[in-house]
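To keep things clear, I will list the structure first and then write my remarks on it.
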Amino acid sequence: MRTVMRGGVYRALTVVAALTLAPVAAHADAAPGPAEGRLIGFGALTAVKEHLRALQAVADIYHGTRAAGTRGHDASRDYVAAKLRAAGYQVTVQPFDFPFYQERSTALMERVAPAHKVYTPTPPDGSGLGDFATMSYSGRGDVIAALQNVDLVLPPGPTPSTSTSGCEAADFAGFTPGKIALLQRGTCTFLVKARNAQAAGAVAAIIFNEGQPGRTATPQGNLGEPVSIPVVGASFAVGQELATGATVHLKTDTISEVRTTSNVIADSPWGDPNKVVMSGAHLDSVLEGPGINDNGSGSAALLAVAEALGKIPTRNRLRFAWWSAEELGLLGSKFYVEHLTPARRSRIKLYLNYDMIASPNYALKIYDGDDSDATGEPAGPPGSAEIEKLFESYYDLLHQGHNGTDFDGRSDYGPFIAAGIASGGLFTGGEGIKTAQEAALFGGTAGQPYDACYHKACDTTTNINDRALALNTGAIAAAALVYAFKPVLPGPAAAAEPAAETAAITAIADTGAELRGRIKR
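Going by the numbering used here, the sequence shown opens with residue 1, and the numbers climb by one from there.
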């Protein structure tokens, strides 16, 4: 299921070469030709598999992970940076601090008195939901102490956020240091409640759900910042039971601290530095696995294309980025965009994002820049629609089906869209379920996840669909080449030269017509 016929690879490469001819119609003085297209295609597809094997080898050495803040990520960063320097790029390793968190083993919570009772934990991998769950960024500890209720609303109010338990320091007036604070969800963040409990001398905090319909199950909360005391969420039933008075044994085994990680940014020596075409992929995995599809696939394909383009003079400046800490909330790309000066931000004309491009049960999804699907978020910034159309042209020339995917903010295009930068990219699906319509269009199995190994230890080099990888490596190369030479890039300025835009699109269509008789699905 995960192999690709040689003909499928060659068809993808032929279309890459075809798309590289598009800029010729707009300007004949500086454009790639078929030779460059063949270089990108054949060279990149050989290299991308090599890079995937290298990332897997890194994970194998470093305890099965390449997560931000681990030695596995540092080794991945060094590998990518070395390859880019050898290809002729100016490489910047951009460090930033972030809150690192790992739950190393399953937590324990038991009532010691008035009668012994053991509560069911939620395991660190989230594979089941128990009576309680360690909150992300909880501190580590092993305590036995009496509970003290903090401004609880029992029975709960009729609507959510009736409770303000623990939201104000005054709620802890009379709190006895050395006890465990029993808190109720509502109004303020989990972090505020935990910080106030810690400041009042609590040795741990239990935050139970508020109790209204839909707010009774165990909350799997994220504090967002490290705290030093153990903090767990509990179901409303457990909280209500404990509120009658209890002594509790609570044990959490976590690492919660500030660490340093790094983005890798590579600038080509060629092209206009005031017209930057930027492409990115996140390099980090989750702690639970090596992250070869998510997102070794995007990282490896982008690296291979960058290597192939390193020696080609271009009209526009190419910039490539490998982000860290995407899995923790797009932290690397946010840090990069937030630290751009207005002048440097204005030079980035578009951003292309590649996250999970070889899912085993794949669908070929293009980010919906024009909101034609009318799903979820609105259209991207001006120019995003044109980027979507370019990827559609690539697939159409292959007679290959495709569909849209929403700009839902789950990957590194998010900070660029927020900054008003035209954006687009490719995605083959994560933990979502493949539809019957998609199975008819792409093959595979309807009713099953696009990637059953999403965020798991089984996301290895065996978790890659080679056909999707070949098609999308070709698409990445095509987009990089077209925008490297395009005189008018997508965005507000494109309206100033509609003739050049039309010429480029027409050239793609004309070249596609010539190939259509030779390309089979």
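We put the beta carbon where it would ideally sit given N, CA and C, even for glycine.
Using the C-alpha atoms, what's the distance from residue j back to residue i?
i           : j           : result
residue 84  : residue 334 : 23 Å
residue 268 : residue 446 : 42 Å
residue 94  : residue 371 : 33 Å
residue 327 : residue 66  : 11 Å
residue 302 : residue 247 : 55 Å
residue 242 : residue 183 : 11 Å
residue 87  : residue 270 : 13 Å
residue 487 : residue 429 : 33 Å
residue 321 : residue 60  : 24 Å
residue 70  : residue 290 : 12 Å
residue 73  : residue 150 : 41 Å
residue 412 : residue 348 : 15 Å
residue 409 : residue 245 : 43 Å
residue 281 : residue 323 : 6 Å
residue 495 : residue 292 : At residue 495, the pLDDT of 45 sits below 50, so the modelled position is not reliable and the matter cannot be decided from this model.
residue 472 : residue 426 : 8 Å
residue 106 : residue 134 : 9 Å
residue 451 : residue 461 : 13 Å
residue 264 : residue 415 : 17 Å
residue 169 : residue 454 : 41 Å
residue 376 : residue 406 : 6 Å
residue 116 : residue 180 : 17 Å
residue 398 : residue 466 : 16 Å
residue 81  : residue 474 : 22 Å
residue 314 : residue 378 : 33 Å
residue 89  : residue 252 : 45 Å
residue 444 : residue 363 : 9 Å
residue 232 : residue 392 : 47 Å
Output the boundary residues of the beta strand (DSSP E) element that contains residue i.
i           : result
residue 275 : 272-282
residue 111 : 90-113
residue 319 : 316-323
residue 395 : Counting along the chain, residue 395 falls outside any beta strand (DSSP E), though it belongs to the alpha helix (DSSP H) covering 384-397.
residue 535 : What the structure shows of the chain is the stretch from 1 to 521, and residue 535 is not part of that stretch, so it cannot be assessed.
residue 261 : 247-267
residue 349 : 348-354
residue 153 : From DSSP, residue 153 is part of no beta strand (DSSP E); its letter is neither H nor E.
residue 175 : Careful: residue 175 lies outside any beta strand (DSSP E) and carries neither H nor E.
residue 372 : Unbroken run through residue 372: none, as it is neither H nor E.
residue 423 : 422-427
residue 533 : In the structure as shown, the chain begins at 1 and stops at 521. Residue 533 is therefore absent and cannot be evaluated.
residue 536 : Any question about residue 536 goes unanswered here, given that the chain covers just 1 to 521.
residue 418 : Counting along the chain, residue 418 falls outside any beta strand (DSSP E), though it belongs to the alpha helix (DSSP H) covering 413-418.
To which residues of the same chain is residue i closer than 8 Å at the C-beta, ignoring the five residues directly before and after it?
i           : result
residue 158 : 212
residue 350 : 277, 278, 383, 387, 421, 422, 423, 424, 483, 489, 490 and 491
residue 448 : 361, 433 and 434
Which residues in the same chain have their Cβ closer than 7 Å to the Cβ of residue i, if we skip the five residues on either side of it in sequence?
i           : result
residue 189 : none
residue 217 : 129, 209 and 235
residue 345 : 419
residue 325 : 68, 98, 261, 284, 331 and 332
residue 228 : 139 and 198
residue 307 : 47, 83 and 87
residue 456 : 288 and 289
residue 191 : 223, 224 and 225
residue 112 : 144, 247, 248 and 249
For residue i, count the other beta carbons within 10 Å of its own beta carbon; 16 or more makes it buried, fewer makes it exposed. Which is it?
i           : result
residue 173 : exposed
residue 202 : buried
residue 51  : buried
residue 104 : exposed
residue 311 : exposed
residue 463 : buried
residue 76  : buried
residue 254 : buried
residue 436 : exposed
residue 256 : buried
residue 274 : exposed
residue 527 : What is shown of the chain runs 1 to 521, which leaves residue 527 out entirely.
Between which two residues does the alpha helix (DSSP H) harbouring residue i extend?
i           : result
residue 148 : Run containing residue 148: none in the alpha helix (DSSP H); it sits in the beta strand (DSSP E), 141-149.
residue 305 : 298-309
residue 196 : 190-199
residue 312 : That residue, residue 312, is in no alpha helix (DSSP H); it is neither H nor E in DSSP.
residue 205 : Note, residue 205: premise wrong, no alpha helix (DSSP H); beta strand (DSSP E) at 204-208.
residue 473 : 466-485
residue 221 : Segment: none, residue 221 is in no alpha helix (DSSP H) and carries neither H nor E.
Suppose the cutoff is 6 Å on Cβ atoms and the five residues either side in sequence are ignored; what does the same chain contact list for residue i look like?
i           : result
residue 200 : 172 and 175
residue 395 : 402
residue 524 : Since the first residue of the chain shown is 1 and the last is 521, residue 524 is not available in this structure.
residue 120 : 130 and 131
residue 110 : 118 and 249
residue 259 : 69 and 100
Between the region 296-310 and the region 352-369, do at least 3 Cβ pairs fall closer than 8 Å? yes
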